[in-house]
Amino acid sequence: MDYFERLEKETINLYKIAEEARSKGFDAELHTETPLAKDLAERVEGLVGPKRIAKRIKELEVDEDGNKTQREKVAFTIAAEIASQSPDDMSDDLKIEFNEDKSDINIKEFLAQKGLRAGLAILTEGVVAAPLEGIAGVKIKDNSDGTKYLAVYFAGPIRSAGGTAAALAVLLGDKIKEATGLSNYKPTEEEVERYVEEVELYESEVTNLQYSPKPEEVRLAAQNIPVEVTGEPTEKVEVSHRDLPRVETNSIRGGALLAMVEGVIQKSAKISKYTKTLELDGWQWVEGYSKDKDKKKSEEENSKTSKNKENGENNFNVAEIEVKKEQPKYIQDIIGGRPVLGHPSENGAFRLRYGRSRNTGLAAMGVHPATMELLQFLAIGTQLKIEYPGKGNCVVPVDSIEGPIVKLRNGDIIQLTSRKEAIKYRNQVVEIIFLGDMLVAYGEFLRNNQKLLPASWTEEWWIETILRSEIYQEEEKNDANNRIDINDLSKKLIKNEISAKESFEISKKYKVPLNPKYTYFFGDISVDDLNILINWILKNKGKYIEDNEFILEVSPEKRIFEILGVEHKVEDNKIIINNDNGYTLVNLFKKELSSEKSKFTDTIEAINSISDVKIMNKAPSYIGSRVGRPEKSKERLMKPAPHVLFPIDTKGGTRRFIDEAAKQREVRVEFSRKKCPECLTKTNNSLCPKCGAETFPGNPSKKNIGLTRKLLKAKENVDVRKSEEVKGVKGMISESKLPEPLEKGLLRAKNDVHTFKDGTIRHDSTNLPLTHFIPSEIGVTVEKLKKMDYEKDCYGKDIENENQIVELRVQDVVVSKDCGEFLVRVSKFIDDLLERFYKMDKFYNVKTKEDLIGHLIVGLAPHTSAGVLGRIVGYTDAHACYAHPYFHSAKRRNCDSDEDSVMLLLDSLINFSKSYLPSTRGGSMDAPLVLSSRIDPEEIDDESHNIDIMPKLPLEFFEKTYEELKPGEALDYIDNISKHLGSEKQYKDLMFSHHTSSIHAGPNTCLYLTLGSMKDKVDEQVRIGELIRAVDQRDVVEGVLSSHFLPDIMGNVRTFSKQKVRCTKCNEKYRRVPLSGKCKCGGNLTLTVSKGGVSKYLPIAEDLVSKYPIDPYLVQRLEIQKFGIGSLFESDKSKQSSLDVFL
Amino acid sequence: MLKNLDKMNELLIKLAENGINIGPESFKKIKTLKNPLEFVSTLIIKIKSQFKSKELVVIKDEIINSYLEEFKNSASENTAETIAKKEINKTEEINKNKETDENKEINKNKDENKELNEEINKPNRNQDGVEGKFNFEILIDTSKKSYTKGELVDFVSLFKSRFEKLSKILKKRSQLKVVKKISEIHAQDKQNDFSTIGMIKEIKKTKNGHIFMELEDETGVLNVLISKDDAELIKFSEKLVKDEVVGVLGKIGKNSKKDPKNGSKKESNKSNSLSIASEIIQPGVTRIDKKKMDFSVCFCSDIHIGSNTFVEESFVKFIDWINGDFENEEFKAIGMDIKYLIISGDIVDGIGIYPNQDKELKIKDITKQYDKAAELLSKIRTGVKIIIGPGNHDASRVAEPQPAVPKEYAKSLYELKNVEFVSNPALISLEGIKVLMYHGRGIDDMALGVKGMSMEENDKIMKELMNKRHLAPLYGERTPLAAELEDHLVIDDLPDIFHTGHVHINSYKNYNGIHMINSGTFQTQTEFQKTHNINPTVAVVPILHRGKFIEINFLSSQKKNRK
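So the protein lines, in turn, are chains A and B. The first sequence maps to residues 1 to 1143 in UniProt numbering. The second sequence maps to residues 1 to 563 in UniProt numbering.
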């Protein structure tokens, strides 16, 4: 059976079980509330409706000639069709929905809103919550000339759609306007100026927009956008253009501003393109923006060139200053406890290595496990903020790339090649000369449109040069016997078994550059250093005897060896170099450099002037980085964490114990019950427990919830005697305020699991990509694999043992071991629930997490409302969830430290209910409103289309990287997913170029998490910085002070002096302390910002200041803050003496 | 002569570890030194200070030679230096105490930027003594009177103090001679007119155009409605802000479960009755008698010395004018009549006040900024007394009231004999004329929070602050407040002059006999102001010339005289 069909069949089976459970009528609804969607069209229907729209979408997806229609065209047609239908032609479903809509909306507005939501859902792949939550509504309003126009009301969560989709939502509004025969919006001058003010106010009071438009730019948009872009107030901040008759709020409309600025204005080029293909009139004005931007750019360039001309010979300085100004973001904000691992492009930082391993791509990048173990701050899935190609990534272990080169206390220089070695030598390391490689897929450059940087000189490139050399090609025809065996050579390379002598011979024979293993980091030293080294070797070359160690006296030249990465030992004041390196040195440096040293522009050129084999630049591109967010793998808990969504007010104490509340005389709380239409019984159930009729919802009100009796009954019902630990909630935050059955809480507590706000049980972890796995590493047996329809390994051989490499199916996931243990508990809860509450058969019957392999889960990301179906195939030691890049992309995630949740499918189907979702804006985000059962790469985020799938990179690619091409210009040499969309190959044979022997060969926990106090973290950060050659330690210390500690201290002082107070008893908050000094409940008040919180970083900051010769500017800033804090917390009476000491 | 092989290697390794290569010749020379290790250490420090830490450095023999010379000479130099130091100490000890002297030495050693140091001349002219006689008095100054420990009780104490002080002022009004406490106001009362005094807890306009206010005293909270039908009262009430103290006259309505905010659950408290206001009374300002002034006062603030947008030429021109050097005879005479110069905050630009401020600073050292200020102010003739209060850019705490700038940062200014330091706010008396000096952060809150108020028309705001009798009534917004036991921001005593700055825009208004002056700035438009479209009044100095208000422009050659 086909993979997808099989998944679907199992899914449908679970739906049947869930439906049966629901049919008992114990839940909020009689049916499961997560509709199943096979594709985008069905997701759209499930998410926003209207019913039966999926069919129409599918019709539109293919044009008359059977070709695929552009997604945007489908969206716009659908929106127009829905909005412009005559109310009489409305489907019955729509009529029902309209009648159910309690707001005072007229039918035309209702249809326009429906159309807009459906159109936007299509544009956002039917996954994100923006079409539901980002659009607050649509209204038809009056222009002063009597014409009518369309107003689109945006809300904050429109952000989750992204700028382009937000802008397209405005265009959709225009399309609907056109289709329904409405006029353009004609803003008054005041309304226009209100936008201008609002944008400025938003930026100064709320947060920066991605693009800061000039007032004229806002004016241009406000005057010309043919629909009114307005919305709900999102911030407390009020404008001075008040009480405009057509604008309902005086507060900032965040959603509308996002749609206008980050949408229409920022994406003006795209909008211009879309309006043309979609044939929307009256949008010519948006071209004004791109012209403006071009003008700005060319002006800047002009001024640059003219400046250069004026300065004449000082060109170099000008360039340098400009480069300095634009420091990469990652190094600008240095945070306490998150070490900098390399300054921008600094020698000795991570070396850029092109390629993809089976666990990289989609913003995950490979680092040698020895590097991870050495630094301890890099665990599997730890985020790094990086210099390029993007802003951040997640690190994963790849052991086929270079490890770090370190200097030990005894003077030895060694390269660490395994975790074991890293652990062994870690405490002896005095300097990290080189951090090792970072494996970056070409796709990362493509995704970020970052121009390509020169490739490092690596084994895979060397092999390509041999294969493609003229001599090798000729030999193929004439002299095949004498020809080098490339496979053999590759194997030897991996095992490090090629001698220097052999390497020189190969180079000479095939006229190719020297083996990377014997090519040192010449780019890191100056021509002068090279000259010194050459002379030293020439002087000492007599000491080298072939096949012996090369022994030299310790001398200052040793430092050059260190930087070059020439491994050596120091014993009895002698430098001992092994035979291979000795051979290389003596054979490279056969003569002195020409006396005109200055003629060389770089060291590589200089060395090639004397070497008889070509020497390549081993490390032309270094990547600066710092540690970002640590990895995560944790159960999702609300605060405080409830077992059941059952309200008990404050009667259960601060920990919300149901048992405690049940001992109270009465628990008065706001909730609702359902009502039986037949016998008028009030119940929480969807079927009347007395007469069996279907109940209908009632209105929430405050009354005694009858807890004592209910608890007793529930305990009896599911045969649970213990209820001491069961926790409820203070109140319901949903609109219906319908409580969950108490039985669920009893059983959750019994199995030690907690519920989330929507009734489901979640586990969160960092997202990591995986395209291939080795059965033994993820703990799955061949037998089990076969049961899951895995038959062949990735080379097409039958799976026979647990060490073959197998390509991962696109919806299969490898979750963390603790997630596995957790899901076992969830499965036991579900079994208990089925057996004791619904009186059905158990389903899972699992004992260990291995038993859960093959079971279905739902992946769901924050800001989205569509779950993606997945299947567990195994477990990883890492604190992360490894899954196919498609799976992550389907949730609209990538792998630069995004995290999201998994839940057991059956839990989600039985226990999720919309009736529990918060009634506030954004409440339906992060809820499984629809379940996507099948991943079609064409219908998911196109980030995943950039995944490289080649087993090796071609020679041309390596060579082209030296031309500073835009990534798109090298696409010809690359094979990636975008080239196979729609074909069979989109699901299989997605290969990788670099092997890794284990996807969890590295520390599981970032040191940041195990170190306790901030002081320990900072100490360790400073220590690591001192070790790494590529880090300027003083800069790091200054950075921590100026971008973390000082702003934190200043901010805390400010908030301390403006703080709210809180009641210790009822938690009521007061903007200002009441004059009575007490809470209205009589409880004691307490400060919300404590003194300790204000000054917590002061001692660490002072410590740093005392230890490092840092900028006096920062020292003084800290002193002034200290004075201010002292003045706030110490009475002048008591501090007279102590302050004098400081002053 | 170093013969021990181990030690030699130690030298080499030490150099190598630090990435320094030296030639064999130099090495030989170093070996001949008495204490080669010490030299190598000095060498490493010197060399590394010039290069990036991880750079590999190769040192030529000539350079080593020069360092060697230096090293050999340094021993004798050191002794010479200490002798000189001792001598200085001796002489100076006679005049000043030892402690400050030592500080000075430390500061001297710390100085890295010699050029800058030379540029800032030591103040000279008016250190010796002060000409003329001043009848000057500091009436209220909060420096070194901060008794808060930053605890909840201190916050309670602060607002109680505010309430009591302002209640006292309000109770002088005839309508408020007899007031009820909020807990005493009951709907059941037959006599349902009431008058009370309270602090505004919340105030907002409802959808229907009414204003809804929660009024609080130590006994409870009263819901007050200002009906939209009472247009005059609505207009008046639009200027009210949270946390100010007012008297309210009105009628008490029936118990109402839902308040007009559409029934938010929090307000459905039984005890809260809804009342309708008929009159709201602010503490306000009674007209004060005009006092005779037979001298002139100059008002400055926001000079922002140290910023790269500080207009030094204009400030120097301004000082020249005070000293009698001015082309216009009429103004020259006024300049010579100046007896007091008031500077209400932000005399310097400060450091680290906002992110990346260092990029907009000419002087990146707070002490040097004050030194520069001292250098400039020292040129003012000693017949002028200078009174300086802190602003948000000064080296003080951010929370108001701000203590005076500590001596540690502004030592050179403290050394000027005719300079006085006060807190922000402060009340001073100049020959019997009372001046309330306040930097003006409270203006921000008003400009942002009150309809119809703006930074540009800050005279309106100053008037409103006087009416509220509080310098920064709105708690929790822009102005951080220290939880002092007494609210020093209450305007207890009405001044003859109310001086503020902070917004960089000049304004003047005489309100009920009080001169209200905002004194602009000596800083041209900053990047921040550019993006916020704020046009500062630069180098236009307000002066009270024997009771008459004038302004003189020092930015360009034109002179403006405005009444």
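Positions of the beta carbon are idealized from the N, C-alpha and C atoms, including for glycine.
Item	Value
For T766(A): DSSP bridge partner residues	A880(A) and E899(A)
Spatially closest choice to C881(A) from E735(A), T766(A) and P404(A), by CA coordinates	T766(A)
Residues bridged to residue 1167(A) (per DSSP)	Missing from the structure shown is residue 1167(A); chain A here goes from 1 to 1143 and no further.
Residue environment, Q1021(A), which counts as buried when at least 16 other CB atoms sit within 10 Å	buried
Sufficient close CB pairs (3 or more, under 8 Å) joining the region 171 to 179 of chain A to the region 67 to 84 of chain A	yes
7 Å Cβ cutoff met for A155(A) and G231(A)	yes
Burial state of C298(B) (16 or more Cβ within 10 Å)	buried
Run of the beta strand (DSSP E) containing S429(B), from where it starts to where it stops	A426 to L430
8 Å Cβ cut-off: residues of chain A touching P403(B)	S1127
For D659(A), the three-state DSSP class (helix, strand or coil)	helix
Buried or exposed (CB count within 10 angstroms, at least 16 for buried), Y153(A)	buried
Short CB-CB distance (under 7 Å) between residue 1192(A) and chain B	A query on residue 1192(A) cannot be resolved here, the shown segment of chain A reaching from 1 to 1143 and no further.
7 Å Cβ cutoff met for Y147(B) and S1131(A)	yes
Minimum Cβ-Cβ distance from I1120(A) to chain B less than 7 Å	yes
Those residues which DSSP pairs with E670(A) across a bridge	K702(A)
Collapsed DSSP secondary structure at E216(B) in the structure displayed	strand
Any C-beta of chain B under 7 Å from that of K214(A)	no
Touching by the beta-carbon criterion (3+ pairs, under 8 Å), the region 600 to 610 of chain A and the region 726 to 741 of chain A	no
Distance CB(Y510(A))-CB(S456(A)) smaller than 7 Å	no
6 Å Cβ shell around E464(A) - same chain, five flanking residues per side excluded	L955
Simplified DSSP assignment, three categories, for T920(A)	coil
Backbone CA spacing between T11(A) and F773(A) [nearest angstrom]	24 Å
Cβ neighbour criterion (16 or more within 10 Å) applied to A118(A)	buried
Local Cβ density within 10 Å of V316(B), reported as buried at 16 or more and exposed below that	exposed
Cutoff 6 Å; reference I497(B); Cβ partners in own chain excluding five residues on either side	V435 and H515
Proximity below 7 Å, CB of P233(A) to CB of T961(A)	no
Identity of the residue in Q175(B), G284(B) and V246(B) nearest Y511(B) by Cα	G284(B)
Proximal residues of chain B, C-beta to C-beta of residue 1173(A) below 9 Å	The structure shown does not extend to residue 1173(A), since chain A is modelled only from 1 to 1143, so the question has no answer here.
DSSP three-state assignment for V527(A), whether helix, strand or coil	helix
Within 7 Å, strictly: CB atoms of F837(A) and E743(A)	yes
Minimum Cβ-Cβ distance from G628(A) to chain B less than 7 Å	no
DSSP state of I276(B) mapped onto helix, strand, coil	strand
Three-state secondary structure (DSSP) of residue 1144(A)	Look at the range of chain A in this structure, 1 to 1143, and you will see that residue 1144(A) is not part of it.
Residue-level contact to chain A via CB, F159(B), 7 Å cutoff	yes
Reduced DSSP secondary structure (H/G/I, E/B, other) of Q1121(A)	helix
Rounded straight-line distance, which links the Cα of P35(A) to that of S345(A)	50 Å
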